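Working notes for the structure below.
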Amino acid sequence: MVRDFDITQQRLLVTELPGPKSVALQERRVRSVSRGAGTLANIYMERGAGAILVDVDGNQLIDLGCGIGVTTIGHAHPDVAAAAAAQAGKLTHTLFTVTPYENYVRVAEKLAEITPGDFEKHSILVNSGAEAVENAVKIARKFTGRRAIVSLDHAFHGRTNLTMAMTYRPWPERAGMGPFPGEVYSVPTSYPFRDGLSGAEAAEKTIDYITTHIGASEVAAFFVEPIQGDGGIVIPAPGYFARIAEFCRDNGIVFVADEIQAGIARTGTWYSIEHHDGVIPDLITTAKGIAGGFPLAAVTGRAEIMDAVQPGGIGGTFGGNPVSTAAALEVFDIIEREGLLAEAQRVEASLWARIGDWAEKFDVVGEVRGKGAMFGVELVKPGTREPNPEALTAILKYATTHGVIVLDAGSWDSVLRIMPSVVISDELIGDAATVLEEALALL
Ligand SMILES: *Cc1c(COP(=O)(O)O)cnc(C)c1O
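In my numbering, the protein residues as written are 7 to 449.
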């Protein structure tokens, strides 16, 4: 364990889940909150520390989700709280594009340092992942003078109108909410479990699709998640991104790595593209794990691309807020001083040791895959590769009512997504895995 926590790192149930206070809150919620904000488990949380969440009834739950990969450094780190509080007492807003402040510049300096690539890099800071992706689209279009945007099958890039169009599956993210912007194309990716292709073979398929459906010279930007998150922890085969990056280079296409979910220490490296043989993106989007839960996102990349936009062409009122940037600076520092890249690698080893044999042990598990603290368990109908969403629903229900928060993923809703904080102990991983195994055994 890397630090002391003020909540014991242990699952502890004192009521049924959800407990009576959660049930009462849920009754109020349905009368005041849009149904569109669907929830995975209606257990209302009050506090957190490390890998444990405490609900309003006093139950302690193991968090294997981190609010979709956000609280990578653990819940409520006291130093992040102190940095944010100190900043909140000094200055909460000027709007960087009216009168700037140092925190914003320091975050941009740090992003230039930790993103792959040995060249001059500039950044823009915004509020959310989708906003970062939208800005990357604008920047790439301005730089190239082209319009077409390519994203991969199974991609997730956000819920705004443009990023919805770049997101793969229709349900629930898109259905009924069009029309969508034109010039956005989804192309075949590499999904080793499902296509059985090598990286080179899958890349040729992708490139052929672009050549025959869009035309390489029309494409402004090619967006990839080096490890797909919502798409089901899909890790393209070795060599895939190297070939795609080469294709982009040869054709003047801006290669964008959307690292919003897999970046910032989640996979044992600062950025997950580092697992793909030295591939260097032109632009990188960062969000989720960057500020310990405070809203902050960024586009970082080659200075000449980032500076193609006229002053005033990108930005926004709250982007790079003083408090969020103060939190982010503390997060960067914590990752370094607590050795959290190595902790993510420890979590990976611990997960492999504990759940790596599930495909042999359980008929419904087709594959276990992952990097660092980002794992997917592909659920199938026994003896086939057919997706098994019913199994996922059953596992999520069992896990959440037994004090383990896990996530769903995958275009067929059939991938169990495991994304704990990198400070989760091996004991907690073991306990959570036991609960998940009980659920698997009941199928
Ligand atoms: C979450 C996510 C987004 C969208 O981020 P928001 O902050 O929810 O807008 C975009 N891309 C990826 C890869 C994500 O995981």
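Backbone N, C-alpha and C define an ideal beta-carbon position, used for all residues, glycine too. If you're wondering where the values come from, they're calculated on a predicted model, not measured in any experiment.
Classify Ser356 as helix, strand or coil using the three-state DSSP reduction. helix
Assign Leu203 to one of three DSSP states: helix, strand, or coil. coil
By Cβ distance, which residues of its chain are closer than 8 Å to Leu335, with the 5 residues on each side in sequence left out? Ala89, Asn109, Arg112, Val113, Lys116
Looking at Ala293 and ligand 1, is the gap between the Cβ and the nearest heavy atom below 7 Å? yes
Give me, in chain order, the residues of the same chain whose beta-carbon lies closer than 6 Å to that of Gly56; leave out the 5 immediate sequence neighbours on both sides. Phe11, Gln15, Gly80, Val429
Which residue's Cα is closest to the Cα of Val337: Pro287, Gln234, Asp283, Ala82? Ala82
Whether Asp63 touches Val20 by CB criterion (8 Å): yes
Could you pull the start and end residues of the alpha helix (DSSP H) that Ile401 belongs to? 395–407
If we require 3 or more residues per run, which beta strand (DSSP E) segments fall completely within the stretch 362–446? 371–377, 380–385, 413–415, 421–424
Could you tell me if Trp364 is buried or exposed, where buried requires 16 or more neighbouring beta carbons within 10 angstroms of its beta carbon? buried
Taking only the alpha-carbon atoms, compute the straight-line gap between Gly436 and Ile250 and give it to the nearest angstrom. 38 Å
Using 8 Å as the cut-off, can you tell me whether the stretch 149–165 makes contact with the stretch 228–237, which would need three or more C-beta pairs spanning the two stretches below that distance? yes
Pick out whichever of Gly135, Glu224, Ala94 has its Cα sitting closest to the Cα of Ala146. Glu224
Name the one or two DSSP bridge partners that Ile58 has. Ala55, Ile68
Is the distance from the Cβ of Ala379 to the Cβ of Arg272 below 8 Å? yes
Using a Cβ-based criterion (distance less than 7 Å to any ligand heavy atom), does Phe162 qualify as near ligand 1? yes
Could you check whether the Cβ of Glu231 sits closer than 7 Å to any heavy atom belonging to ligand 1? yes
Reduced DSSP category for Val285 - H, G, I as helix; E, B as strand; rest coil: coil
Could you check which residue in Gly238, Phe247, Val262, Ala227 has the C-alpha nearest to that of Gly205? Phe247
So Val139 packs on Asp288, CB below 8 Å; how close in whole Å? The Cβ separation is near 14 Å, so there is no contact.
Contact test: Asp283 Cβ vs ligand 1 heavy atom, cutoff 7 Å: no
Would the beta-carbon of Ala379 be found less than 7 Å away from any heavy atom of ligand 1? no
Does the beta-carbon of Val139, which I'm using as the reference point, lie nearer than 7 Å to any heavy atom of ligand 1? yes
Would you mind sorting Glu433 into buried or exposed? The rule is 16 or more other CB atoms within 10 Å of its CB. exposed
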